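J.: Residue numbers (my numbering), protein chains in the order written: chain R, 1 to 138; chain A, 139 to 243.
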Amino acid sequence: MLTIERELVDRIVAHARADHPDEACGVIAGPIGSDRPVRYIAMANAERSPTFYRFDSLEQLKVWRGMDDRDEEPVVIYHSHTATEAYPSRTDVSYAAEPNAHYVLVSTREEGEAEFRSYRIVDGAVTEEEVKIVESYG
Amino acid sequence: MPWAGSPYDLKEIFAMAIEVRIPTILRNLTDGAKAVEGKGGTLDELISDLDVRHPGLRGRLVDDKGLRRFVNVYLNDEDVRFLSALETPVSDGDSVTILPAVAGG
Numbered sequence: 001m002l003t004i005e006r007e008l009v010d011r012i013v014a015h016a017r018a019d020h021p022d023e024a025c026g027v028i029a030g031p032i033g034s035d036r037p038v039r040y041i042a043m044a045n046a047e048r049s050p051t052f053y054r055f056d057s058l059e060q061l062k063v064w065r066g067m068d069d070r071d072e073e074p075v076v077i078y079h080s081h082t083a084t085e086a087y088p089s090r091t092d093v094s095y096a097a098e099p100n101a102h103y104v105l106v107s108t109r110e111e112g113e114a115e116f117r118s119y120r121i122v123d124g125a126v127t128e129e130e131v132k133i134v135e136s137y138g
Numbered sequence: 139m140p141w142a143g144s145p146y147d148l149k150e151i152f153a154m155a156i157e158v159r160i161p162t163i164l165r166n167l168t169d170g171a172k173a174v175e176g177k178g179g180t181l182d183e184l185i186s187d188l189d190v191r192h193p194g195l196r197g198r199l200v201d202d203k204g205l206r207r208f209v210n211v212y213l214n215d216e217d218v219r220f221l222s223a224l225e226t227p228v229s230d231g232d233s234v235t236i237l238p239a240v241a242g243g
């Protein structure tokens, strides 16, 4: 299960809407082992594409070093689908390489409401999980 | 010079290692180590050297077409794809970082 604060969900959805029809992507870092997403980092989609995303490799190095320095890990890795449902594509699965991460997908295909779903992707196997949105971790 | 006929290769003796930072997903090949050390004149040689002590590592980074598209390899602060990929020269004291590329459709 992914437990996440509403403000973080709102930021992810706002990013996805802002970049629509291109895919948006980013990370929420959190303390290693805590499973708690805390520090929101929007990333550039180096592909600037409606069907593909890729973190800019140099930006990624900077962000990953920043997490290392703070003893954090990527707790959430998110991206948007802009014309299809919020379910991992075959490409998403083949790239997924953070076994501890919650892979969040947002679909912006409907203008009115954004679909927000979360998955574990380990060794090519996709498992959808419950998303629990809280006002605050307390 | 008194050491001119030295049987030792001084360059070999004083060779400093190159630090290679390993991402979580590959630490099963390094006994959990976050960083390992290796040597070589190019990234290609360095990766082969690492594979001797951490068998399987090379196969995760390189295929017959070169560097796998699923990984990013950095020499110091540069993505080696913007340098000379596997042929990128490396030298003592350099730091190499491996990260899984984050991408999808």
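Positions of the beta carbon are idealized from the N, C-alpha and C atoms, including for glycine. What you are looking at is a predicted structure, and each value in this text was computed from that prediction instead of being measured.
Which residue marks the beginning of the beta strand (DSSP E) containing Met-43(R), and which one marks its end?
T.: Here the beta strand (DSSP E) through Met-43(R) covers 39-43.
J.: Tell me which same chain residues have a C-beta within less than 8 Å of the C-beta of Val-93(R), skipping the five on either side of it?
T.: Excluding sequence neighbours, Val-93(R) sits near Ile-121, Gly-124 and Val-126.
J.: Thinking just about the alpha-carbon of each residue, which of Asp-187(A), Pro-193(A) and Leu-181(A) is nearest to the one in Val-211(A)?
T.: Nearest of Asp-187(A), Pro-193(A) and Leu-181(A) to Val-211(A), Cα basis: Leu-181(A).
J.: Val-76(R): which of Asn-100(R), Val-134(R), Ile-133(R) and Glu-85(R) sits nearest, CA to CA?
T.: Comparing Cα-Cα distances from Val-76(R) to each of Asn-100(R), Val-134(R), Ile-133(R) and Glu-85(R), the minimum goes to Asn-100(R).
J.: Rounded to whole angstroms, what's the CA-CA distance from Ser-200(R) to Ala-155(A)? Just pull it up for me.
T.: Residue 200(R) cannot be examined here, being either before or after the span of chain R that is shown, 1 to 138.
J.: With His-15(R) as the anchor, note down where its alpha helix (DSSP H) starts and where it stops.
T.: Start and end: 6-19.
J.: With distances taken between CB atoms, is the gap from Phe-52(R) to Gly-243(A) smaller than 7 Å?
T.: Closer than 7 Å, so yes.
J.: Are the CB atoms of Pro-31(R) and Glu-72(R) within a distance shorter than 7 Å?
T.: Taking 7 Å as the Cβ cut-off, Glu-72(R) and Pro-31(R) qualify as a contacting pair.
J.: If the criterion is Cβ atoms closer than 7 Å, does the pair Phe-55(R) and Val-240(A) meet it?
T.: Yes, they are a contact pair.
J.: Which residue wins for smallest C-alpha separation from His-15(R), given the options Gly-66(R), Ala-29(R) and Asn-45(R)?
T.: Answer by Cα proximity: Asn-45(R).
J.: Please check if any C-beta of chain R sits within less than 7 Å of the C-beta of Ile-156(A).
T.: It does not: the Cβ of Ile-156(A) has no partner Cβ on chain R nearer than 7 Å.
J.: Taking a contact to mean a Cβ-Cβ separation below 7 Å, would you say Val-106(R) touches Val-13(R) in this structure?
T.: In contact: Val-106(R) and Val-13(R) (Cβ atoms closer than 7 Å).
J.: Please work out which residues of its chain come closer than 8 Å, Cβ to Cβ, to Lys-172(A), disregarding the five sequence neighbours upstream and downstream, and give them in chain order.
T.: Arg-159, Ile-160 and Arg-165, listed in sequence order.
J.: Output, in chain order, the set of chain R residues within a Cβ distance shorter than 8 Å of Ile-163(A).
T.: Those are Ala-97, Glu-98 and Pro-99, listed as they occur along chain R.
J.: Please state whether the Cβ-Cβ distance between Val-104(R) and Tyr-137(R) is less than 7 Å.
T.: No. Outside cutoff.
J.: Assign Ile-156(A) to one of three DSSP states: helix, strand, or coil.
T.: Ile-156(A): strand per DSSP, three-state reduction.
J.: For Phe-208(A), write down the residues that DSSP places opposite it in a beta bridge.
T.: In DSSP, Phe-208(A) forms no bridge with anything.
J.: At the level of alpha carbons, what is the spacing between Asp-169(A) and Thr-91(R)?
T.: Going from the Cα of Asp-169(A) to the Cα of Thr-91(R) covers about 29 Å.
J.: Check whether the Cβ of Ala-241(A) lies closer than 7 Å to any Cβ atom in chain R.
T.: Yes, Ala-241(A) counts as interfacial toward chain R.
J.: Looking at the structure shown, is Arg-54(R) part of a helix, part of a strand, or coil, going by DSSP?
T.: It is a strand residue.
J.: List the residues of chain A whose Cβ lies closer than 9 Å to the Cβ of Tyr-53(R), in chain order.
T.: Ordered by position in chain A, the residues that pass the 9 Å Cβ test against Tyr-53(R) are Val-240, Ala-241, Gly-242 and Gly-243.
J.: With DSSP as the reference, identify every bridge partner of His-81(R), one or two as the case may be.
T.: For His-81(R), which the question treats as bridged, DSSP gives the partners Ser-107(R).
J.: For Gly-197(A), report the span of its alpha helix (DSSP H) as first-last.
T.: Run containing Gly-197(A): 195-199, per the alpha helix (DSSP H) assignment.
J.: Tell me, please, which residues DSSP counts as bridged to Asp-217(A).
T.: In the DSSP output, where bridge partners are listed per residue, Asp-217(A) has Tyr-212(A).
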